[in-house]
Structure formats: structure tokens, C-alpha cells
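Using full-length UniProt numbering, the first residue of the sequence shown is number 1, and each one after it goes up by one. Glycine included, each C-beta is placed from N, C-alpha and C at the ideal position. Here the structure comes first, spelled out in C-alpha cells, and everything after it is commentary.
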Amino acid sequence: MADKTIAIIGGGPAGLMAAEVLSACGHSVTIYEAMPTFGRKFLLAGKSGLNITHSEPFDPFASRFGEASSRLRPALNLFSPHEVREWAAGLGTQTFVGTSGRVFPQVMKASPLLRSWLRRLEAQGVSLKTRHRWMGFSDQGYRFLTPEGEIVVSPDATLLALGGASWPRLGSDAAWIAWLHAEGVSVKAFQPANCGFDAVWSEIFRSRFAGEPLKSVTATSDAGAVQGEFVISRHGIEGSLVYAHAAALRERINRDGGAVLSVDLAPGRTIVRLMQDLGRQDPKASFSNRLRKGAGLDGVKAALVREIAADAHRASPLDLARLIKALPIPLVRPRPIEEAISSAGGIAWSEVDERYMLKRLPGLFAAGEMLDWEAPTGGYLLTACLATGRAAAKGIHTWLSVAHSAAVPPATVDQRP
């Protein structure tokens, strides 16, 4: 098969991984990125310590992608967390497993890995074009707005790797939805994922405790019980423990108009133990002292009890213990998708074949967060983006091979004596 021209639209992890695989196969690959630099969201994620992947056993790892887990499994099988770590090491980025099981670069930054990755792509002949914004289809191919004006490219195959709809200022603005809709492609509406939620705080509580963390607590929702910490924000709650429940809370709000996150403020004590400890407190003591001495709660934890249950100071030791073990925080809505770490929704899986090609648009493929899946933080998002980029690249190579074979007439049998 002669070298084919391939356009990759989007310069995030999925697009870069696809370019790496396709250029290694000998294809002529060009990446078109709308922003001035590549991997902006990738770099932002790496500022506080990049979660490259997760170290948990593969079967539970591959189940973290909700309803899309079965569709993503083949891609993850071919590029598992172990392969992700080996790939990073090949780019000079050694990794380690943190106490949470998350896998980090030893340098705790994304920029060295990205720089090495881009150098590898250039060495493999990949053409890297920034400030090239995709503007939709034309009769001749794909329209791009560039600093020199509009151009049209007509590659042999194209991969869309434009991301979802979170953090649009970094490039993922989901403008592509209208162009795919016009071609009859079904796209499930984007929603915030791994996001904070709005709650109705009193002005006193908000002004005093916004930004304060609640550490060593257990939160329960339809997603089950998870231990960790979260932060009180001016609008409500946010942080890693909230993100672990975000999908379940969002769906409950969609269904019922509201949701409750139940928080155990004292996971190290049973209700019986709390009841006994609280019952030993002097009933004439202040409520703050009874919470501090009887339950070990002070600061934001004690204030949150008062905020959620204004009459908690009148409760019996048993009722107060029950409240502390399952404090119900009513939530109104997710924070806007522009603030979310990631998004749920995207191109419906029914529109995509096993090669990651859009069934309605032969020769056009999609990967990464453009597809309808979501995952928790902790390395799952990046691994799936890398794995789908790699799977789509293999799909493109296979499709081009088949298309080329079909276009070439069979060789004539040599009948010379």
C-alpha cells in the first residue's frame, strides 16, 4: 500500500497518539490544532501532578467507564495501564504509583512528556500545524481557518480528536456538533462530569468556610460509599470525593430535580460509640464543645452540621450521632460544564463501527472525549483517550489497506512459456 495522507484534527492526547501510530506505519500525517500550542488541557491537568493512569487490577480498571465500558474494552486491552507506563518510559518519563493507586510521572509534570512526544512525532515525519481551526466540511474536503486565510484539505482518511465540551478556553468548544448533526450523525448532549455541585449555603457559612476542606470523611450516593475529602466552595461542594460521585449525583438531579450526598463526618466511630460519647457530655455545655469533645468535630465539620440541621443542638445523643454519620447535603445542580474536569456525552456509539469510523461518513474516524463515555479522575480519562486514539489509528490503517486492495485490479497471470 502506497503511503496515504491522513489528517488528524485536534492536538490532544488522542490525536497525538493516533499520529504516532499512523506515522510509524509509513503514512503521511498532519495534525491540525486550533490553539497556538498542542495539548493545552493535558498540560493543565499536569500542573498539580499528572495522573497518567491507575495501578488497580485491569478488570476493575476497565469497568470504570460506565455504560461505555464494553465498547472501550477492546481498545483498553490493546493499550492497558501497563502499556501506558511503558510508553511513557520510552519517552523518558519514569512513573511511580502513589498511595491512592494513581500513577504519576516522577517529575510530577506533564510538560517534559509532551515535549518529548512532539519531538518523536516530528522525527517520524508528522506535520504539526497550530492555529488551524476546523470549520466544517466542503465538497472538496475539510475547511480550516488559518492565519493565512481559509484552506481546504482532501486527505485519504481523517480522524476527529477534538475533545468534549469541558474547559472550552483550552480548545474543546464542541463546535463540531453542528457539522456532524448536519451529516445525520447522532451526538448525545454533553453534560459536566467530574464536577462540583451547587448547594444553598447561608451567607454566614459561605463567607466563613468557602475554601475549607473536609478531610477523612466518607460520602455515599447511588455510586456507593467512598472515603476521601472535599471542599466547601462559595457555590456548594467540589473536590476529588465529590467527583467520585458526580455521575450518580448528576443523573439523580436529572431524574428527580435534586440530589443528596450523604456524608459520614466520623467514619472511625460507630453510631453506638458516638451516641455514648455524646451522651457523656454536659448538656449545659455549648453545642460546639459537645461536638468537639463528644464527636471530635470542630471548624468546618461542626459548622456544616449546624448549617444542614439548624436544630441539631436540641437533638438526642442518638439522633445527633445518626446525623453525624449520615449528614445529608442537598444539591441543586452541577456546576457549569465550562468548569468541569471532563464531560459526559458525545458521538453515539451506534454511529461508530469497531474501527472507530463513522458509519455515515466512510473515511472519517473519531477518538477520545468526542465519543460518548465518561470516567472518574485518577488516570482513567487519559488512558482511555490514549487507547481510543491508538485503536482509531489501527482502524484507519486497516480501512486504508482494505480500500486500497479493493481499488487495485488483480494481477494478470503470466502465461509466457
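- Distance from the CA atom of Ser342 to the CA atom of Asp372, rounded to whole angstroms, is 12 Å.
- Per DSSP, the beta-bridge partners of Arg133 are Leu145.
- In this structure, Ala199 is the residue among Leu43, Tyr356, Leu121 and Ala199 with its C-alpha nearest to the C-alpha of Pro328.
- For Ala18, the uninterrupted alpha helix (DSSP H) run begins and ends at Pro13 to Ala24, by DSSP.
- Buried is the label assigned to Leu76, since at least 16 other Cβ atoms lie within 10 Å of its Cβ.
- Asp3 sits in coil when the DSSP states are folded into three classes, being neither helix nor strand.
- Remark: C-beta atoms of Phe197 and Pro362 do not approach each other more closely than 8 Å.
- Looking only at Ser23, Glu56 and Gly66, the smallest Cα-Cα distance to Ala246 is reached by Gly66.
- CA-to-CA, the gap between Ser100 and Lys284 works out to about 43 Å.
- Using a Cβ distance threshold of 8 Å, Leu364 and Thr158 count as a contacting pair.
- Just so you know, the alpha carbons of Ala182 and Ala174 end up roughly 14 Å apart.
- If you draw a straight line from the Cα of Leu91 to the Cα of Leu113, it is about 7 Å long.
- Between the region 269–283 and the region 230–249 there are fewer than three inter-stretch CB-CB distances shorter than 8 Å, so the stretches are not counted as touching.
- Met357 sits in a strand when the DSSP states are folded into three classes.
- If you compare the alpha carbons of Asn51, Ser240 and Asp3 with that of Gly125, the shortest gap goes to Asp3.
- In the displayed model, Ser100 falls within coil according to three-state DSSP, outside both helix and strand.
- Boundaries of the alpha helix (DSSP H) around Phe61: Phe58 to Ala62.
- By the neighbour-count criterion, in which a residue is buried when 16 or more other Cβ atoms sit within 10 angstroms of its Cβ, Val103 is buried.
- Checking the DSSP bridge columns, you'll see Pro328 partnered with Ser262.
- Put simply, the backbone Cα of Met370 is about 42 Å away from that of Ile204.
- Taking the Cα positions, Leu400 is about 10 Å away from Lys394.
- Burial check for Asp264: the Cβ neighbour count within 10 Å reaches 16 or more, so the residue is buried.
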